[in-house]
Amino acid sequence: MSKQWKITIAIGSFVVAALGVMFAVLALAKEPPSVDYAAGHEVGQPVNVTLQTVGSYGLAPHPTWVSYMTRSPQGGWVHTTLWQVPAHTRINVTIYNYDSGSPLRNQQIGLVTGTIGNVAHLNGKTIHLVNSNAGNGVGHTFSIPTLGINIPLYGNNGNANLCAVAPCSRKSPNQVIKFSFMSPGPGQYPWQCFVPCALGYLYGNGGPMQTIGYMDGFMQVVS
Amino acid sequence: MSEGSDIPPAGSQPADGDAEPTETHHWWRLIAVWVVASAILDPLFYVLAGPHIPPGRMTDTAGGAQFDFNVLLAIALPVLLGVWIFMIYAIVIWRASRGGPDPVGGPAARGNTSIQVGWILTTTVIVLFLAGFGTYELVQPGGAGGGQGPSPIWTPTSHTVLPVQVIGQQWKFTYRYPTYGGFETTELVIPDHTTIAFHVTSLDVIHSFWAYQLGVKADANPAQDNVAYTTTAQLGSFTVRCSELCGIWHGAMYNSGRVVSPTAFQAWATATQESLQANTKLLPPFSYTYIPDANGADGGLYPDNVDPYSKIQTYGATPAKPTSKG
Chain G
1 MSKQWKITIA
11 IGSFVVAALG
21 VMFAVLALAK
31 EPPSVDYAAG
41 HEVGQPVNVT
51 LQTVGSYGLA
61 PHPTWVSYMT
71 RSPQGGWVHT
81 TLWQVPAHTR
91 INVTIYNYDS
101 GSPLRNQQIG
111 LVTGTIGNVA
121 HLNGKTIHLV
131 NSNAGNGVGH
141 TFSIPTLGIN
151 IPLYGNNGNA
161 NLCAVAPCSR
171 KSPNQVIKFS
181 FMSPGPGQYP
191 WQCFVPCALG
201 YLYGNGGPMQ
211 TIGYMDGFMQ
221 VVS
Chain Y
224 MSEGSDIPPA
234 GSQPADGDAE
244 PTETHHWWRL
254 IAVWVVASAI
264 LDPLFYVLAG
274 PHIPPGRMTD
284 TAGGAQFDFN
294 VLLAIALPVL
304 LGVWIFMIYA
314 IVIWRASRGG
324 PDPVGGPAAR
334 GNTSIQVGWI
344 LTTTVIVLFL
354 AGFGTYELVQ
364 PGGAGGGQGP
374 SPIWTPTSHT
384 VLPVQVIGQQ
394 WKFTYRYPTY
404 GGFETTELVI
414 PDHTTIAFHV
424 TSLDVIHSFW
434 AYQLGVKADA
444 NPAQDNVAYT
454 TTAQLGSFTV
464 RCSELCGIWH
474 GAMYNSGRVV
484 SPTAFQAWAT
494 ATQESLQANT
504 KLLPPFSYTY
514 IPDANGADGG
524 LYPDNVDPYS
534 KIQTYGATPA
544 KPTSKG
């Protein structure tokens, strides 16, 4: 092989490798948009965060994946689990659960903790815990472990005609869960669902359970 | 050096009329400085810095780990001093002077029997000592705070052992107190001057319970009861982290615990048992391990081992005998 060929092959290999690395970095760096609840916030006023859970997102790239959705302050649903809230502020959360439920792997996460009064409101009724072995069970949880916040989301009847494409409308069977908590000081706080709800993955904790934008996210608290 | 002991060291210059130290003199000087420095600094380090070496002395196993670190550092310090003293001596005494002759290499160490035998003997003694010392310290005291599996080699002699079950799941630890009705909580509170038996298990993948200041570290394997003992010796708070890469929120899988007085512990345990009563009724009976539904996406927590808690004498109330479920 001539020297020219060797140089050409070396340069070609380098370019291919560099492009591969660049695409990998770009793919890994890609993240969902962030919904900003802190913009224009008046000190002393609460912030209202609205979320929904859906059993299957219904759209590319992962139509079968279970997912959270976030409603922006402007009213539109955004496929993201990243949002910003102001520090030391009352956060009023409303979650519409459109998914079915099941018994919990660990009933300890059936407890409501870390909210104001350690209570939540399920369809208007005050609850301290959800018995996951009764009724429709628990579909998901909304949990910020570092803040001790955990709210079990009561499930829908699995035999009902459940919403399968996000965003879901209130016409589909749903459970409404409301609760409030005080945001801490500035920082990034990971939140997640504790129910291993990713069917088909090891122990139910793969795929959407380990992907930002589906069942995990960050609450960024800003000053 | 035995060979060529009359050869001047590298860079040395005979001065007019001055008696130049021989190589043997240089070695004796080096050894004397090293022995004096080690004899002063080693005990000083042990006495002054030793008590502050992590992980502290909150438990007997943490104290054991601190002692081990101090022994290792006490052995390492003379080695470090030897290297530094030789380097400094060489730089000061054997450096090339400006305008002087070029440095000349000293006699070769290769083939020097004294150095080779000395080196092999010294390192062999150190390594064999560390092997024996390390093996002994893995077992004493208290099993070194490591997970010993379901049948521990070291078991406590204390008659007031508090069993605490540590349950790992993606991505948090919860704690179950079988002798207080089997309540399960995210808080880890333990009494002072008490032997604790941590029964570590997992509901999904492999985690690792690492209570750093307690000197306790035990893997949390699904369907395994990994037992680790420690005896508390100081009041205070400690950090619990997962030390086995277990998924996206592995880095956020931490919380803190407290060592409190036995009275405060009794009050906390009783109050928590009462406040969690409603949820405790919904938990499965206490078991060393739990097998989730193989489906993975749903299913409750099914006891895998339904023997009553009877491995060791228990602390507090007598636990109710668990019954099989599922």
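These protein sequence lines are chains G and Y, in that order. Using my numbering, the letters of the first sequence map in sequence onto residues 1 to 223. Using my numbering, the letters of the second sequence map in sequence onto residues 224 to 549. Think of the CB as a built atom: it goes at the ideal place given N, C-alpha and C, for glycine as much as any other residue.
Between Q371 (chain Y) and A490 (chain Y), the C-beta gap is not smaller than 8 Å, which leaves the two residues out of contact. At a Cβ-Cβ threshold of 8 Å, F181 (chain G) and I109 (chain G) do not count as neighbours. Around the CB of P274 (chain Y), fewer than 16 other CB atoms lie within 10 Å, so the residue is classed as exposed. Taking 8 Å as the cut-off, the beta carbon of P173 (chain G) is found no closer than this to the beta carbon of F218 (chain G). For V387 (chain Y), no CB of chain G lies under 8 Å from its own CB, so it is not counted at the interface with that chain.
Around the beta carbon of E407 (chain Y), 16 or more other beta carbons lie within 10 angstroms, which makes this residue buried. A distance of 8 Å or more separates the beta carbons of L385 (chain Y) and I349 (chain Y). For S479 (chain Y), same chain residues with a beta-carbon under 7 Å away, outside a window of 5 residues either side, are S460, F461, T462 and V463 in chain order.
Not one beta carbon of chain Y lies nearer than 8 Å to the beta carbon of P184 (chain G).
In the DSSP annotation of this structure, the continuous segment of the alpha helix (DSSP H) that includes I316 (chain Y) starts and ends at D283 to I316. Boundaries of the beta strand (DSSP E) harbouring N48 (chain G): V47 to V54, taken from the DSSP string. Counting of Cβ neighbours within 10 angstroms places P196 (chain G) among the buried residues, the total reaching 16 or more.
Taking C-beta atoms as the reference points, P86 (chain G) and V35 (chain G) fail to come closer than 8 Å. Counted as a single uninterrupted DSSP element, the beta strand (DSSP E) harbouring T424 (chain Y) occupies residues T418 to S425.
Looking only at Y:F292, Y:G305, Y:M281 and Y:H249, the smallest Cα-Cα distance to V259 (chain Y) is reached by Y:G305. Burial is judged here by how many other beta carbons sit within 10 angstroms of a residue's own beta carbon; D415 (chain Y) has at least 16 and is buried. DSSP, reduced to helix, strand and coil, places F509 (chain Y) outside both helices and strands of the structure shown, so it counts as coil. Annotation: A29 (chain G) to I254 (chain Y) spans about 58 Å, alpha carbon to alpha carbon. In the DSSP assignment, L153 (chain G) falls outside any alpha helix (DSSP H) and within the unbroken beta strand (DSSP E) covering I149 to Y154.
For A367 (chain Y) and T455 (chain Y), the gap between their C-alpha atoms comes out near 13 Å.
By the rule that beta-carbons nearer than 8 Å mark a contact, T397 (chain Y) touches chain G.
Cβ proximity to chain Y below 8 Å picks out R105, N106, Q107, Q108, G110, L111 and T113 from the segment 105-117 of chain G.
Under the three-state reduction of DSSP, T408 (chain Y) is assigned to strand.
Taking a cut-off of 8 Å on C-beta distances, the segment 417-436 of chain Y does not touch the segment 350-358 of chain Y, as fewer than three cross pairs fall below it.
A distance of 8 Å or more separates the beta carbons of I127 (chain G) and T141 (chain G). For G334 (chain Y), no CB of chain G lies under 8 Å from its own CB, so it is not counted at the interface with that chain. Taking 8 Å as the upper bound for CB-CB distance, V138 (chain G) and L104 (chain G) are in contact here, some 5 Å apart.
The three-state secondary structure of S484 (chain Y), taken from DSSP, is coil. The C-alpha of Q436 (chain Y) lies about 11 Å from the C-alpha of V482 (chain Y).
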